[in-house]
Amino acid sequence: MVESLHPWIALLIPTLPLLAAAWIAVGYLFGWNRGETGERETAWVALGAISLSLLLLLVLDGLALSGNAPGQIIVGDWLTIGSIQIHLSFLFDRLVLVMATLVAFISLLVTRFSVNYLHREAGFQRFFLVLSLFNAAMLLIVTAGSAVFTFFGWELAGVSSYLLIGYAWHRNTATANATRAFVTNRIGDAGFVLALVFSLIWLGSVEWSEIPTVVNDKAIPTLEIGLIIGGFLLAALAKSAQLPFSSWVTRALEGPTPSSTIFYGALMIHAGVYLMLRMEPLLTMVPALMIMLLMIGLLTSLYAWLAGLVQSDIKTSLMFATLTQVGLMLVWIGLGWFDLALLHLVVHAIWRSWQFLSSPSYMQQVQQPAKPAPAWLRKHPRLYTAAMQRFWLDDLSDWLLVKPTRALAHEAQLFDEQVVDRLIGIPSHANMLSTLSRLEASKQGLFTVANEVGKGRGLFGFIFEWLAEAMQWLEDRLVLPSDGGALMKLVNYLGRHLEKIDHLLAQPRYLLLIIMATIMVVL
Amino acid sequence: MGSSSLLFLLLLPLSGAILIALLPARYPRLFRYTAIVFTTLTLVYATWLLLWGDVTPTETGLWQSYFHTWHSRLGTSFSLGVDGFSYPLILLAALLCWAAILASASITRQTKGYYLLMLLLETAMLGVFMAQDWALFYVFWELTLIPLFFLIDRWGGKQRQSASLNFVLYTMGGSMFMLLSLLVLFDATPGHSFSFANMAEGARLLDSGQQILIFLGLLIGFGVKMPIFPLHGWLPIAHVEAPSSVSILLSGILLKMGSYGLIRVTGMLPHAAQAMQTILLALALIGIIYGGLLAWRQTDLKKMIAYSSVSHMGVVLLGIAALNVNGMIAAVYQMVAHGLVAGALFMLIGLLYERTHTRDVNDYGSLLQTTPRFAFFIIIALIATVGFPGTAGFIAELHALLGGFEAWGWVIMILSLGILISVAYGIRTVKYLFTGPTKSAMADVKDLRPQEMLAAAILTAGIIILGFYPAPLLQLINPTIYEFQRLLLGA
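Residue numbers (this note's numbering), protein chains in the order written: chain A, 110 to 632; chain B, 656 to 1146.
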């Protein structure tokens, strides 16, 4: 009886918040929940959905405690690639149940907190729409049974994070930071996609529960396992803001406080750690990557600790503290202490969400001024500057990625304008009537249309024009002039002489002469 | 003869055009309603044929055909047929024509001519996808140019004349190579017929040098339309100057005619395709990166989408060039996905342009507040250009990576780079359009009207449904692709 309900329960857990988001979106599009009057309904829908998800998870927890953990649940087939089946499936093992319950619990708390926090904000509905999306995404990341659906959640979380960083869309810094954060995250996502493709090609499966057994059965070479983990690792580092991707996360704090809490304090920042925990059976096969993980974790912790020492605003220093802790979790994983990492994750998530949520009222609670940067750090001006500048990570990525792309795009544009457009003969990009100012100018008659008749454009156009000009020259000189032109004169001249010859020939003596000449030639 | 349901489907929009020609000019709104009714009928009938009618997917060959000899001495025939490559595109064409008609409420000048030409264009496009005879294919191929020329030239933007002329000249230039290749091939066929099957048989008798030459000619012909990297010059200006409803069809379907033709050619000349595989790959990758970078640089919104089309059609070329099952699936899926995404984007940006009269992204800002409906749909469409999971592009991207890796190995990583670039311009555009301090020029922009919202909603729903539930479309195209692959391997 309970068994047959499993697929439904599993499917509902991430779908409920998604449906809530869809409901709010449709309501907003048609305008029935806009404004302050719609706040109540919006809040109820969002809260109801996440509460139900938590309830369902608690049911599953109860089952697991009584020894009936559902394990892998296959809801249906999603995609068939050759002989590979990708299922729509869910996995509820020990790790997932702990994580999912944590996610649903914190999501519920933050959603409830936001109801008051965002009261009478213009973007109330938008915030709850995106928050519900994020809740769904996070639940999908942890409960999905296959890497493909984890990726669905992974990306959805990225988008909702983008939308919330840009929540205050009037401010340019908010939207610029949102863009930056999203693009940085997409670098990691490219790693995720590659890992998916490698798994499909080499393992023939992307089910989390099947991957370890497949790896053992097929005796997959270590290099290929390493590449698969490497892809996931890249995604995890970007999502958890570890080095060298750390800089986006401090920019992400532009969003409203509840969203900072849930995204960067409590949940999304841990998604990378979760992914690495998920990879446990594979990771243990490639010690080199574990050492790398250890190093990255250590470096990030060190970096975040140093940078955190010199921060003066509460949210940023909390963020750096979070980064230090997440770095430590990676260290535990690198050392092979997976259970410790999970425990650290859970405790840290709960603790940090409390800290973040109370940060707006921190000034009232703490009576003394903030401590200055420690004395030993002030004695090392170089280190101090580096910490202040957050080790120039932003400038580094600008220099390594943004600048080359911009230069390349510039070259491509030049090529298009100078070569392709000229060959094809399209009016250059510059004189297009696309902006408002140009429209105005053309209305006032400042733009005049040059003579277009007989003008060729592009390579073929120029050949064409040149040929036509040559013909025209011929035409002008020889044929067209009213007094007859050169050709007519020539014809007249020739005609007159021919007439003379004709006339002479008509006389008998010349006729006889010709006949005699002919006879002589014949003889 | 076969069943005449395909013929009926083809004649449905044509009869709408004829009816519009006969209607009195006194009631200008009548033309619009007639056009809406006939495009809706075409869409419904095309769907009905697949679900309950006599177009039934089979494991091999054509699903349905209609044959009528045209000119037996010339070897031409009026031969229609559909399979897994063409039917998804027919459905796409019917859907986008319907959306384009709904989105053209702002056309108030000479509505009779406008709607008549739109329906003619739909007929010609359906004809291209249905033709099973190269002569007939060529006729329909050229027939699309006539309505398009007038549509751009009469109802386009400021530089519409040069845009329409350029478009027609360059497509005609390409078609010349195509015609020449087809005639050479026809000369070599023993069966003395232009039918697809017969020409393919004849192609097998040729030596590989000749095959490659013929393939090159056809590649130029279809490459102009698709467009393939150095032949894309006509595309930005044509898209920018065309009225937005025509841009929908241009990028949504006209470009797919090119790639559809290329798939047919690959089936006909497999040896040549194999010999040219590396060149095709290079062209595809260059197109992906080049188009993406240029899209990133454009301040003109329509031009940005036009260049992004170059980039996305590069993925289609990549899939075709892989010459394996996954690559082919990627190509067809990407064609449908890009048709929907580019269609939706051009429609929305076009409607926005009608309200603001500017295409410069810098003139925009803060539209999130004034036009939440626009914001909702444009953000979804831009996210879909990125190939985001849950949108149709992701399925195509996944298959392209798989097929490409099978065929070439690590080179395919460049595709990931291209996708990254697409994120940059997609997200940048969202930022410019919708956020930032409130601008007075953007304060009273009207939001989407119900009819327009319906069209946008259907296209967006298509993008998302195909992303979350790819099974139906895959079922539609898979048998034909496996059959196609069998032919390629047999060759």
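Ideal Cβ positions, reconstructed from N, Cα and C, are used throughout, including at glycine.
In this structure, the CA atom of Gly811(B) is about 9 Å from the CA atom of Ser819(B).
Distance from the CA of Trp132(A) to the CA of Leu1006(B), rounded to the nearest whole angstrom, comes to 26 Å.
The beta-carbon of Phe429(A) is placed no less than 9 Å from the nearest beta-carbon of chain B. Counted as a single uninterrupted DSSP element, the beta strand (DSSP E) harbouring Tyr721(B) occupies residues Gln719 to His726. Against chain A, a Cβ distance below 7 Å from Val970(B) picks out nothing, because the smallest value is about 14 Å. DSSP links Gln434(A) through a beta bridge to no other residue. Residue contact check for Asn281(A) against chain B: a CB pair falls below 9 Å.
Burial of His457(A) is indicated by the presence of at least 16 other C-beta atoms within 10 angstroms of its C-beta. Cβ contact annotation for His894(B) (same chain, cutoff 8 Å, sequence separation greater than five): Ser902, Leu905, Ser906, Lys957, Lys958, Ile960, Ala961, Ser964 and Phe1001, in chain order. Of all alpha-carbon atoms in Phe243(A), Leu449(A), Val212(A) and Phe258(A), the one lying nearest the alpha-carbon of Tyr1124(B) is that of Phe258(A).
For Glu1107(B), no CB of chain A lies under 9 Å from its own CB, so it is not counted at the interface with that chain. The alpha carbon of His993(B) has as its nearest neighbour, out of Leu662(B), Met912(B) and Phe822(B), the alpha carbon of Met912(B).
Near chain A, meaning a CB-to-CB distance below 8 Å, the residues of the region 1042 to 1063 of chain B are Phe1043, Pro1044, Gly1045, Ile1050, Glu1052, Leu1053, His1054, Leu1056, Leu1057, Phe1060 and Glu1061.
A straight-line Cα-Cα distance of about 7 Å links Val987(B) and Val971(B).
According to the DSSP assignment, Asp955(B) belongs to no beta strand (DSSP E), since it is labelled neither H nor E. Within the region 942 to 970 of chain B, the residues whose Cβ lies closer than 7 Å to any Cβ of chain A are, in chain order, Tyr945, Leu948, Leu949, Trp951, Arg952 and Asp955. Comparing C-alpha distances from Arg280(A) to each of Ile1119(B), Ile1136(B) and Thr1090(B) shows the shortest one belongs to Thr1090(B). The shortest C-alpha to C-alpha distance from Asp525(A) to any of Ala858(B), Leu874(B) and Ile892(B) is the one to Ile892(B). Per DSSP, the continuous beta strand (DSSP E) segment holding Thr189(A) begins and ends at Gly180 to Ile190. The alpha-carbon separation between Trp889(B) and Phe1031(B) amounts to approximately 31 Å. The region 852 to 859 of chain B makes no contact with the region 815 to 835 of chain B: fewer than 3 CB pairs, one atom from each, lie closer than 8 Å. Ranked by Cα distance from Val239(A), the options Asn601(A), Trp278(A) and Ser368(A) are led by Ser368(A).
Taking a Cβ-Cβ cut-off of 8 Å, Leu505(A) has no neighbours in chain B, whose nearest Cβ is about 18 Å from it. Boundaries for Val511(A): no alpha helix (DSSP H) harbours it, and the DSSP string shows neither H nor E there.
Per DSSP, the beta bridge partners of Leu197(A) are Gly185(A). As a beta-bridge residue in DSSP terms, Glu316(A) pairs with Ser255(A). In terms of beta-carbon proximity, Gly136(A) stays away from the interface with chain B, with every pair separated by 9 Å or more.
Annotation: Cβ neighbours of Ser1071(B) in chain A (cutoff 8 Å, chain order): Ala299, Val302 and Leu303.
Residue ranges of uninterrupted alpha helix (DSSP H) with 4 or more members, entirely inside the region 699 to 769 of chain B and ordered along the chain, are 741 to 757. In the structure shown, Ala937(B) falls within a helical segment according to DSSP collapsed to helix, strand and coil.
Collapsing the DSSP output to three states places Ala1051(B) in a helix. Val920(B) is a Cβ neighbour of Leu874(B), given a cutoff of 9 Å. Shown here for Leu376(A): same chain residues with a beta carbon closer than 7 Å to its own, the five before and five after excluded, namely Val212, Ile215, Met247 and Ala458 in chain order.
Identification of chain A residues near Gly1091(B) by a Cβ-Cβ cut-off of 9 Å yields Trp278, His279, Arg280, Asn281 and Thr284, ordered along the chain. With fewer than 16 neighbouring CB atoms inside 10 Å of its own CB, Thr1093(B) falls in the exposed class. Apart from the 5 residues on each side of it in sequence, Arg681(B) has no Cβ closer than 8 Å to any other Cβ in its chain.
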